[in-house]
Amino acid sequence: TDNSDESTTEDTSNEQDNTEQENTDEESEAEEEQQSDSSDGTYTIGISLPAATHGWMGAMVQNTEAEAQKHDNIEYSLVTADDPAQQSSDIDDLITQGVDAIVMLPLESAALTPTAEKIAEAGIPLINVDRGLETENFRTYIGGDNYGIGWVDGQYLVEGLIERNGEPAGKVVEISGVPSTVTDLRSQGFRDYIADYPDIEIVASQPGDFTAEASLAAMENILLANDEIDAVFSQDDDMTVGIVQAIKDAQREEEMFIVSSGGMKEIYNMMIEGTQPEVTVSVTYTPKMGAIGVNLATKILAGETLDGFQGELIPHNIVLDATPITPENVEDYFDPDANY
Amino acid sequence: MSNMQTSPEAKVEERSSSNNKFFIWLQYFWANYSVIFAFIILFILASIASEHFLTPLNLTNMLRQISVIGILAIGMTFVILIGGIDLSVGSVLALTGTVVMASQVDFGASIFTAILFGLFAGLLVGLVNGLVITYGKIAAFITTLAMMTIARSAALYYADAGAISGLNSDYTIIGNEYLFGLPIPVYVFIIVVVISFILLEKTAFGRHIYAVGGNSRAAHLSAVPITRVTIAAYMICGLTAAIGAVIETSRLNSVSTSSSGSMYELDAIAAVIIGGTRLTGGQGKIIGTVFGILILAILSNIMNLMNISPYIQGAVKGAIILVAVLLQKRS
Amino acid sequence: MSNMQTSPEAKVEERSSSNNKFFIWLQYFWANYSVIFAFIILFILASIASEHFLTPLNLTNMLRQISVIGILAIGMTFVILIGGIDLSVGSVLALTGTVVMASQVDFGASIFTAILFGLFAGLLVGLVNGLVITYGKIAAFITTLAMMTIARSAALYYADAGAISGLNSDYTIIGNEYLFGLPIPVYVFIIVVVISFILLEKTAFGRHIYAVGGNSRAAHLSAVPITRVTIAAYMICGLTAAIGAVIETSRLNSVSTSSSGSMYELDAIAAVIIGGTRLTGGQGKIIGTVFGILILAILSNIMNLMNISPYIQGAVKGAIILVAVLLQKRS
Amino acid sequence: MILEMKGIIKKFGNVVAINEVDFQLNEGEVHALVGENGAGKSTLMKIIAGVYQPDSGEIFVQGKKAAISSPSESQKLGISIIHQELNLIPYLTVSENIFLGREPKNLGFVDYKKMKRNTLELIKQFDLDLNPKALVKDLSIGEQQVVEILKALSLKPDILIMDEPTAVLTEKETSKLFELMQLLKKRNVSIIYISHRLPELKIICDKFTVLRDGKWVKTAEIQDFTEHDIANLMVGRELEDMYPSVPANIGKEILRVEGLTQSGHFNNINFSLKQGEILGFSGLIGAGRSELANAIFGGDPADEGEVYWKGKKIKYKSPIKAVQDGFGFATEDRKETGLILDMSIANNITLPSLKKYKRAGFVNKKSEYRDIQQQIKDLNIKLYNMYQAVKNLSGGNQQKVVLAKWLVADTEIFFFDEPTRGIDVGAKREIYHLISNLAKEGKGVIVISSELPELLGICNRILVMYNGEINGEFSHEEASEQVLMRKATGL
Ligand SMILES: Nc1ncnc2c1ncn2[C@@H]1O[C@H](COP(=O)(O)OP(=O)(O)OP(=O)(O)O)[C@@H](O)[C@H]1O
Ligand SMILES: Nc1ncnc2c1ncn2[C@@H]1O[C@H](COP(=O)(O)OP(=O)(O)OP(=O)(O)O)[C@@H](O)[C@H]1O
Ligand SMILES: [Mg+2]
Ligand SMILES: [Mg+2]
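Heads up: the sequence lines are chains A, B, C and D, in that order. Be aware that the first sequence starts at 1, since it is given in my numbering, and climbs by one per residue. Be aware that the second sequence starts at 1001, since it is given in my numbering, and climbs by one per residue. Be aware that the third sequence starts at 2001, since it is given in my numbering, and climbs by one per residue. Be aware that the fourth sequence starts at 3001, since it is given in my numbering, and climbs by one per residue.
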């Protein structure tokens, strides 16, 4: 597919030098602790995440913590926030504790940019996860691509419509998350992709608040208002559970299919069992991103490298693939013990 | 009326022209049930706004959608009638839902036992709220705010902020099946309403609820067991949260410890107040709450049907709630 | 004292055994300021629990962190003192923050003008709240609940639920720079506290606030302009939300229309109540609120420093708030 | 002896409200408990009623030692109390209030039929027209008091405590109450009766006990003492000239009311008031006097009619303008409308007149303090600290705070609604003289009262209201209890 080129981008800039230079600057206390810690090989990593207000984020928090626990030489400090200001405060506290590295999933890109600058100022390597920042002043970015998710969902939607109706045309329903940047980016990616297909009409776009219950109610009502629906774009797998239930209740399973996002176990299960309505794709958006961030942080602190990047340092930019999981490849990804 | 001291009614009749008993009745009715008029107006507007609104399927769907918050709002009515408030119901729903699902999934309890555990957990949380408020003498607002974070925390901690999905599909019957054309949750809601109505209107306990809310000192001096009445009100509220949890978890056969029930408390309180119950206690009716919840239901239903932008749904809902309450006040 | 009717002072001396003037003072102090003791205990515990707690950097950070919610809580104190409540402050913070940022970014206003617009917007929202509550006679809880959704909606709608980032880095000075070793937001907080203290304790307006909250009918008959006082209280609350918005947006040089200020109202109200202000109005002090907010600040600071699991932070916070309030009540 | 109290002590913080009091009540006797405001009468009764626990001392009921830890405990011992303050639930009906906490039940449900029947029976005893289904909030204060009395009687108590039951009752209702008390006495019920209306005591009481400053002073048979003796025992000194001379220096008209109407409350009211004149309003409960005063004052504007203030037409929409023009209104219900109970005494007193103390936007505490001290001294308000909450004062002293409030506000025309309700003789006398002095200084005074002797004693003129209309006018010389009562009952 055409997003293969943006799947795993690497940017091996010389950021490491920057960090080291700053380390030798006036930054005193944090610096000293870092040195003393690194000498005996144990590090403290600060982890700042949004509060677990829906399933994906819950899994994110848990995976990240589990990863940190796995490393014997790592102590960690995990904080979660409801809003950007609190997250910024949390990070103040982490800097105060003198952590050696920070893994952060910013609630808002713009809002946490000054905070990132401050982390850099304190000479602490920042591993930024999922949402981008408006600065390059961080050690590594592991990207989840929200716009890409919408975009890939758009692709599968068009494919599905062609398969069912013979042409890229049909009536589409969008169930969106809690109004936020994430929601907005996914909508935007989706809309931008289908913009080339004028016969695809979005007949309803309603909030499902990232919960199954709200999506269930919204979808029930939309099903009533629209006698003809060809497909549903669900911005989140948690919500898809509710959407599927609503379609089943209305006994319109045959009529429409769902393109979804998230990579949640329950949705994989549906694909494996082939239940109706059909979920043709769940674009993974792995809640393991935070865990990957922690893992990379340990490597950065220990001065290790990645396999395949022989002799090189950890890249500055890593964008994870927005992998489409479909009934065809789902078996490869399904893990019955996963928490999401 | 032969007596010299004229009673208030006598006075009215004397002064107003003639056979306006109907007018007096209307006034009484309006004072107590004006929310019904607000409901009717909204209902008519909704019917005009969307052709889909008046379809039987939509109406039954709507009823099912409100049943959970409706049940919570009924419990909340008791608490607000005694002059209290319970901000914890949403979190308690998540916690009791977790108890119900975990009992089935992690401890292999039967559906029946799991539900009993859930209801018991709800009663227990209510008991704790009530004890802290009465014996600890801490404001209900702050007690239940603390309980809101505590109950949510407990659920998150147990399930690592994840969801618990049920294995037994029999459990989904409660939330999904129909009986004589109406969804089962609607029956549960109706049963809760009827029992609450009887409790409030026909029993001494109901009188005591109004007495504690109307003037707790006076109630105390009249030997009303205000502590027990207060605790009972919070326990009822906890119980309704648990009943709501059973319906909600049964509907999707899962509970999400992070998002289930979040912000439900605000909708429940809004329904009670729209229904005409006074926030300071002592005045209000179950029927009012029922119509309050119906107003909220129509609102979100019609906004979905008309595909109103999610960004402005909040504004529309807020504005219409204000108008509904304003309409009522013209008495 | 030659008079037969004993004067008040004489009575005291007659009845109390001896020189327990100190004891009486202590009692008065305890009744009004017991929150300070709760704070001191928590402070000592925190100092023991984490070596990082007592570092100057941590303390100044903590002060900066609380300044926004602190300012909101001060405004909330006025509203709660008159027996009202304002659930909209969090959303109003987001809305006024949007006004400030959009004025700069989309309309090219200077920083100064943008801030003025923001403060004006805050006052305006407060005015609307006040007018609806007084003239519309709608319960404050429901009015501000509606305003909460309306203000948030307006911000979301304007920015498509996104964030607005500032372009002028001068603006970040307010939120980020230090003056004589203390962050600027802390000075703003202190100024707000001092002005509010003077307003409440030294002016007729302050007396009127307490009178309206204590007994609004009696206040009305004592020529207190209760409508104006009520509206003013909500305007002050809106204004403090806007001041908080300026600090917060300046700190991050951006506003997030979806998440800025979310749930701030609950923290602000909790701070006021922990500070000993009675939720039904008429009783409370600014100083109490300041210590209430300090208690909340220490709590979240120490939990971060001690790396307590986020899942159970809620439970710990809830439990400690209850204990803090309980401690106060032992008077 | 049915009730005996020995060595009772009760302190509130540093205030010793009851100081080693002994008290005995015999079976079937009506025992008056008298004393100045703040003497501790209500506190002593609340101890019997289980509201307060004594700090030390013993209580024996029917010879057995009793620990009365709650109101229900007290009820079980056959004790029933009518509190000084009304204790009713506004949104419950008359019958629900009467049987609150003791609802008759049938299969677990409230037996409303039985409740109504029992209520009607009680109401009949009182010969009243009261709808058992009326909500208490819609009743006048007097009617509410009647409900309180019915509630106490419905318990069929052995010991009945009445704390100033007649304070809000009219003469007619009062005499009904006395008949009832005689009946109860025949049934061997023992009654403790608290009242500041000394003449009443002679009619119905057998014995009396005087408290002063929390201490027991005397217990004796009532026929051995005159009213005058009892009053002296209460205050501990000679008491003379209860009523001052009627003011003589009448000036020009300051207030004229023409055709004032407020539907449901009063109708076509015409009267005028001159400087230096005291005008009394007499009438039964619900005659509309309070509403009339409230309407002129702007508390709840009238529907029709005109009011002229010094020849200028006025129409106050709120009390603010009225107070600026020099109106002052001491309302009849000090707890509901007169005072901010949680506020300090000092702040209550200056609440309407804060403008006077404004200096550069701030309240000038010094001059404020001076004025407050002055009032506390002039009115003899018994307190412990002027910054204590007014709710901790006794009823009578609270009333004085209400008066002080309007005195500080430089009022030119005073509306006193039941100014001596619940006030002891000593304080009453002080207030009569005070009112008279106000008139003599050239102020206009309107006194609304249900106590005929005080209207007869101090007023230049008395208007009688009946059913919302003025039904008669009498000068000081013409007026007598008989003619006023006739007009008040609509004859
Ligand atoms: N709850 C309380 N807290 C503090 N002091 C109180 C309280 N109740 C009463 N007092 C004080 O106790 C004393 C006795 O008051 P009490 O009400 O018994 O007087 P009383 O004789 O009934 O007066 P009155 O005739 O005015 O009703 C007064 O000094 C009063 O201020
Ligand atoms: N809140 C109320 N709602 C309805 N009716 C009321 C209310 N308050 C008073 N009334 C009625 O208004 C009428 C006038 O009452 P008001 O209290 O003015 O009489 P009054 O002459 O002042 O008697 P009192 O001797 O009790 O002071 C009465 O019929 C009373 O029942
Ligand atoms: Mg008394
Ligand atoms: Mg009256």
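In this text, a Cβ means the ideal position worked out from N, Cα and C, and glycines have one as well. Values in this document were obtained by computation on a predicted structure and should not be read as measured data.
Query raised in the report: Under a three-way DSSP split, which group does M1303(B) fall into?
Result: helix
Query - Cutoff 6 Å; reference E1248(B); Cβ partners in own chain excluding five residues on either side - result: V1068
Report task. Select from the stretch 2038-2063 of chain C all residues with a C-beta closer than 7 Å to any C-beta belonging to chain A, and list them in chain order. Result -> H2052, T2055, L2057, N2058 and N2061
Query raised in the report: When the Cα atoms are used, what is the spatial distance from N2129(C) to I2226(C)?
Result: Spanning the two alpha carbons is a distance of roughly 15 Å.
Requested in this report: Could you pull out every residue in the same chain whose Cβ sits closer than 8 Å to the Cβ of E117(A), ignoring the five residues on either side in sequence?
Outcome: T135 and N137
Query raised in the report: By Cβ distance, which residues of its chain are closer than 6 Å to T3489(D), with the 5 residues on each side in sequence left out?
Result: So no residue of the chain qualifies.
Query - Residue-chain proximity (V3110(D), chain B), Cβ-Cβ < 7 Å - result: yes
Query raised in the report: If the cut is a Cβ gap below 7 Å, which residues of chain A does L1305(B) touch?
Result: N221, L224 and A225
Report task. For ligand 1, enumerate in chain order all residues having a CB closer than 6 Å to any of its heavy atoms. Result -> F3012(D), V3015(D), A3017(D), G3035(D), N3037(D), G3038(D), A3039(D), G3040(D), K3041(D), S3042(D), T3043(D), Q3084(D), N3392(D), L3393(D), S3394(D), G3395(D), G3396(D), G3422(D) and D3424(D)
Query raised in the report: What does M1147(B) touch in chain C if you count any residue whose Cβ is under 7 Å from its own?
Result: G2318
Query raised in the report: Roughly how many angstroms separate the alpha carbons of I3123(D) and D3129(D), rounded to a whole number?
Result: Near 8 Å, if we compare the C-alpha coordinates of D3129(D) and I3123(D).
Query raised in the report: Cα separation between V294(A) and E121(A)?
Result: 21 Å
**Report entry** With 16 other Cβ atoms within 10 Å as the buried cut-off, status of Y1178(B)
**Finding:** exposed
Requested in this report: Using a Cβ cut-off of 9 Å, pull out every chain A residue sitting near T2172(C), in sequence order please.
Outcome: P114
Report task. Might you give, ordered along the chain, the residues of its own chain that have their beta carbon closer than 7 Å to the beta carbon of E61(A), omitting 5 neighbours on each side? Result -> According to the sequence as given, residue 61(A) is Val; it is not Glu. Hits under 7 Å: L49, A52 and T80.
Query raised in the report: When the Cα of L3201(D) is compared with those of K3215(D), A3231(D), V3189(D) and L3183(D), which residue comes out closest?
Result: A3231(D)
Requested in this report: Check the Cβ of L1998(C) against every Cβ in chain B and list those closer than 8 Å, keeping chain order.
Outcome: Residue 1998(C) cannot be examined here, being either before or after the span of chain C that is shown, 2001 to 2331.
Query raised in the report: Is it right to say M3001(D) is buried, meaning 16 or more other beta carbons lie within 10 angstroms of its own, or is it exposed?
Result: exposed
Query raised in the report: Alpha carbon to alpha carbon, how far is G2276(C) from A1270(B)?
Result: 27 Å
Requested in this report: Apply the 10 Å Cβ neighbour rule to K1285(B) and answer buried if 16 or more other Cβ atoms are within range, or exposed otherwise.
Outcome: buried
Query raised in the report: Run through DSSP, which three-state label would D3022(D) get?
Result: In the three-state reduction of the DSSP assignment, D3022(D) falls in the strand class, which pools E and B.
Query raised in the report: Does DSSP put Y43(A) in a helix, a strand or coil?
Result: strand
Query - Start-end ranges of the alpha helix (DSSP H) lying completely within the stretch 72-120 of chain A, minimum 4 residues - result: 84-97
Query raised in the report: For the stretch 1198-1226 of chain B, which residues have a CB atom closer than 7 Å to at least one CB atom of chain C, in sequence order?
Result: none
Query raised in the report: What's the gap between the Cα of T1415(B) and the Cα of L3393(D)?
Result: Outside the modelled stretch of chain B, which goes from 1001 to 1331, sits residue 1415(B), for which no answer is possible.
Query raised in the report: At which residues does the beta strand (DSSP E) containing T1277(B) begin and terminate?
Result: No beta strand (DSSP E) contains T1277(B), which DSSP labels as neither H nor E.
Query raised in the report: Ordered along the chain, which non-local residues of its own chain (more than five positions away) have a Cβ less than 7 Å from that of V2105(C)?
Result: Excluding sequence neighbours, V2105(C) sits near I2164, G2166 and L2167.
Requested in this report: Please determine if the stretch 2300-2315 of chain C and the stretch 3366-3382 of chain D are in contact, where contact requires at least 3 C-beta pairs separated by less than 8 Å.
Outcome: no
Query raised in the report: To which residues of the same chain is D3300(D) closer than 8 Å at the C-beta, ignoring the five residues directly before and after it?
Result: Q3262, E3291 and N3294
Requested in this report: Write down the C-beta distance between T2149(C) and G1318(B) rounded to the nearest angstrom, noting that I regard them as a contact closer than 8 Å.
Outcome: 4 Å
**Report entry** Closest Cα partner of P2336(C) within the set N2061(C), F2037(C), A2324(C) and S2047(C)
**Finding:** Since the first and last residues shown for chain C are 2001 and 2331, residue 2336(C) lies out of range.
**Report entry** Interface positions of the stretch 2277-2297 of chain C facing chain D (Cβ-Cβ less than 7 Å), listed along the chain
**Finding:** G2282 and Q2283
Query raised in the report: Can the beta-carbon of F1039(B) be found closer than 7 Å to that of L1294(B)?
Result: yes
Query raised in the report: Per DSSP, what kind of secondary structure is V3363(D) in: helix, strand or coil?
Result: strand
Report task. Quick one: using the 10 Å Cβ neighbour count with 16 as the cut-off for buried, is Q245(A) buried or exposed? Result -> buried
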